[in-house]
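Novice: Sequence positions in the sequence shown follow UniProt numbering and run 1 to 523.
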Amino acid sequence: MEWDAFDTVLSRRPFGDSRYVREQMHRAFTRRLESLGDSVPAARHLLTVLQQADPRTGYRTLGDPLLRRAVQQLLTRREGAKPGRNPLTPHVSAQVIEAVARHVESGAANGPLQGDSTAAQWLGDPTRTPWVWSPGQDHGFLGETFTRFVEHQFGAALAQPSESDLAVLRQGYRILDELLPLTSRGALSHTHLIGITPGTGVWAGKASTSQFTVAGIIFLNRKLLQNPWWVAEHLLHEALHQKLYDFRHAHSMLVRDLDDSPNAPAEARRLVSLWNIPGLDGANNRWNAHRSMAAFHVYVHLALLCSLAEQNAPRLRDTYGPLDAPSPMTPGRKAFERARYLAENLRTECWDDLGLAGRRLADWLSAVLDAMDPTPPPAGSYLHLVLDRYLKEARRVRVAPASDDLATTLAALGRSEAETFRQALSAVGAKDHPGSPTTEPAPRPADDHDAGHPADHHAAFSEQRHHIADTLLRLAPNGYSLDSLCPPPGPSADEMVRAMVETSSRELAAREATTPTATKESP
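Structural data, given as structure tokens:
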């Protein structure tokens, strides 16, 4: 089957059909408003006016991020959850619902957060694409409440989009519409608002983000809005999260979704995303069932998008520039590999946490993945994934602020990693293969007493890591594992490499905790 045909496959009912998913989500929120009707008169008012509204108004209203959050806040409080310091108090939440009802009653064509503004900047067709939040505009009570909520939820405000920001966003949208029209239009229809983050302060570590508790809006880092291909990938990435959030609101995606108690136990973080940096407490790459399913859902789709992008890049280069600079797009092969790992590990680590709908969705995505990628990595392989993290850390080190303390840490890690590299080569008998690139010595790690600027240590450390990773992957017969080269009963070379990477990740995280961080790559 040609790549293009999978655009249709990924748009089929039930799991890919965005109209079906939206209808089910709308019904779920209508039921929630009905359940609030006895205690919140504004909920009854909104239900009444929605019955008279046209489909577009209903779509924009029930997808509005602030309204949905206000409804959830009221339901959570009614069920006994602790209020916390959320600005959406019961009183304010009821005011939000009443303001939305009056907005719908007025016959306004815009969504509630737009108010009477006619200056909204749309990504594309206003009937099915999001608009870009502009803090400088007068959005009235709803806009002011939304601004306070975002600042509370994320710890900082959003940025004013520039003309260049808007231009590259629309270029990314056009790439999606050209390469993956059905899938991207469906996903973007679940996104009602785009927030541009300044890429500084608390936003500095986020390339793009979205949250299940703030449905309908995605956030993109303006410092990375340079490459239209990167923008296309991250627009689709976050829009797919919104689609899955809408699906979860109306289906038994997780077992815990069947428990109405606000005090239901949190999901355990069981699945380890090996390509992600774990952080100081080791939690950053440990995912619960929801996040694991969300990532699987995204990577199946990104594998198709990025493969189509690579296929069409020569034809589209004059319009959108190269794929790889700046902020390169994820390689299609890498997206396939991550999707395959997630498919396997969802079953071994998270299956008991998935509800019936979640399991059916995972089965469907796995079937699509099998059809798109008939020659996957061997089951259980992981060498390529931990080396992804290994090189990701090297990139972050290279741009980290130079210091004597960090240079000392890098020198020690460089010596340790070089020793493990030699042990891994010995374990696979690399010295018995004359002429193999694996027999080339690794670049000498900078010693902590070497002369030169501390930044020289960053470059030497990064160079050594690239040499080690490239050598190990070239040596692996299938590109995914070294263990077939290990004579029994010798040690596993793959495990040696993984242990090396895990140890180094902990050391770097401890050092990074005392220095500014670079922008994180998307998971």
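All C-beta atoms in this analysis are idealised placements derived from N, C-alpha and C, irrespective of residue type, glycine included.
Being a predicted model, the structure only gives us computed values, none of them experimental.
Nearest CA to the CA of Asn284: which residue from Met293, Glu233, Leu271, Ala294?
Specialist: As a position in the sequence shown, residue 284 is number 284, starting the count at 1. When each option's Cα is compared against that of Asn284, the closest is Leu271.
Novice: What residues in its chain sit with their C-beta under 7 Å from that of Trp229, if we drop five residues either side in the sequence?
Specialist: Residue mapping note: residue 229 aligns to position 229 of the sequence shown, counting from 1. Cβ neighbours of Trp229 beyond the five flanking positions: Ile175, Ala309, Tyr320, Leu323, Met329.
Novice: Tell me whether Ala109 is buried or exposed, calling it buried when 16 or more other Cβ atoms sit within 10 Å of its Cβ.
Specialist: To locate residue 109, count along the sequence shown from 1; it is residue 109. Counting Cβ neighbours within 10 Å, Ala109 comes out exposed, since fewer than 16 surround it.
Novice: Are Val501 and Val386 closer than 8 Å when you measure CB to CB?
Specialist: In the sequence shown, counting from the first residue as 1, residue 501 sits at position 501. In the sequence shown, counting from the first residue as 1, residue 386 sits at position 386. Against a cut-off of 8 Å, the Cβ pair of Val386 and Val501 comes out as a contact.
Novice: For Gly16, which of helix, strand or coil comes out of DSSP?
Specialist: Stepping through the sequence shown from its first residue, residue 16 is reached at position 16. The answer is coil: DSSP assigns Gly16 none of H, G, I, E or B.
Novice: Start and end of the beta strand (DSSP E) containing Ala215?
Specialist: Indexing the sequence shown from 1 puts residue 215 at position 215. That run of the beta strand (DSSP E) goes 214-221.
Novice: Enumerate in chain order the residues of its own chain whose CB-to-CB distance from Pro161 is below 6 Å, with the five nearest sequence positions on each side excluded.
Specialist: Sequence index remark: in the sequence shown, residue 161 carries index 161 (1-based). Result list for Pro161: Val132, Ile196, in chain order.
Novice: Could you check if Asn478 is buried or exposed, using at least 16 other CB atoms within 10 Å of its CB as the buried criterion?
Specialist: Along the sequence shown, read from residue 1 onward, the residue named residue 478 stands at position 478. So Asn478 counts as exposed.
Novice: How big is the Cα-Cα spacing for Ala339 and Phe296?
Specialist: As a first step, residue 339 is located in the sequence shown; it is residue number 339 there, counting from the start. As a first step, residue 296 is located in the sequence shown; it is residue number 296 there, counting from the start. If I take the Cα positions, the gap works out to 6 Å.
Novice: Under the criterion of a Cβ to heavy atom distance below 7 Å, does Trp229 qualify as lining the ligand NAD?
Specialist: Inclusion of the ligand NAD in the displayed structure is not the case, the ligand content being empty and no account of it being possible.
Novice: Roughly how many angstroms separate the alpha carbons of Leu188 and Asp64, rounded to a whole number?
Specialist: By 1-based counting over the sequence shown, the position of residue 188 is 188. By 1-based counting over the sequence shown, the position of residue 64 is 64. Distance between the alpha carbons of Leu188 and Asp64 is about 14 Å.
Novice: Compare the beta carbon distance of Leu62 and Val96 with 8 Å and say whether it is the shorter of the two.
Specialist: Along the sequence shown, one-based indexing puts residue 62 at 62. Along the sequence shown, one-based indexing puts residue 96 at 96. Cβ atoms of Leu62 and Val96: not closer than 8 Å.
Novice: Taking the alpha helix (DSSP H) that Gln52 falls in, what are its first and last residues?
Specialist: Translated into the one-based positions of the sequence shown, residue 52 becomes position 52. Start and end: 41-52.
Novice: Just the C-alpha distance for Pro262 and Phe154, rounded to the nearest angstrom, thanks.
Specialist: Locating residue 262 in the sequence shown gives position 262, counting from the first residue. Locating residue 154 in the sequence shown gives position 154, counting from the first residue. Caution applies to Pro262, whose pLDDT of 48 falls short of 50 and renders its modelled position unreliable; the value that the coordinates give is listed next. The straight-line gap from Cα to Cα measures roughly 22 Å.
Novice: When you compare only the Cα positions, how much space is there between Glu238 and Arg222?
Specialist: On the sequence shown, residue 238 is found 238 positions in, with the first residue counted as 1. On the sequence shown, residue 222 is found 222 positions in, with the first residue counted as 1. Roughly 15 Å between the two C-alpha positions.
Novice: What number of angstroms, rounded off, separates the C-alpha of Ser210 from the C-alpha of Ile194?
Specialist: By one-based count along the sequence shown, residue 210 stands at place 210. By one-based count along the sequence shown, residue 194 stands at place 194. Distance between the alpha carbons of Ser210 and Ile194: 10 Å.
Novice: Answer yes if the region 355-369 comes into contact with the region 4-23, meaning at least three C-beta pairs across the two stretches below 8 Å, and no otherwise.
Specialist: Result yes; three or more Cβ-Cβ pairs closer than 8 Å.
Novice: Are Ser504 and Asp494 close, meaning C-beta to C-beta below 8 Å?
Specialist: In the sequence shown, counting from the first residue as 1, residue 504 sits at position 504. In the sequence shown, counting from the first residue as 1, residue 494 sits at position 494. No, they are not a contact pair.
Novice: Can you have a look at Glu417 and say buried or exposed, based on whether 16 or more other CB atoms are within 10 angstroms of its CB?
Specialist: Position 417 of the sequence shown, counted from the start, is the residue given in the question as residue 417. Buried: at least 16 other Cβ atoms inside 10 Å.
Novice: Measure the C-alpha to C-alpha separation of Ser93 and Val150 and round it to an integer number of angstroms.
Specialist: Residue 93 sits at position 93 when you count from the first residue of the sequence shown. Residue 150 sits at position 150 when you count from the first residue of the sequence shown. Near 15 Å, if we compare the C-alpha coordinates of Val150 and Ser93.
Novice: Between Leu88 and Gln73, which are expected to be in contact by the criterion C-beta below 8 Å, what is the C-beta distance as a whole number of angstroms?
Specialist: The residue labelled residue 88 in the question sits at position 88 within the sequence shown. The residue labelled residue 73 in the question sits at position 73 within the sequence shown. Their Cβ separation, rounded to whole angstroms, is 5 Å, which keeps Leu88 and Gln73 in contact under 8 Å.
Novice: Just mark Asp388 as buried or exposed, buried being the case when its beta carbon has 16 or more other beta carbons within 10 Å.
Specialist: Sequence index remark: in the sequence shown, residue 388 carries index 388 (1-based). Asp388 should be labelled buried.
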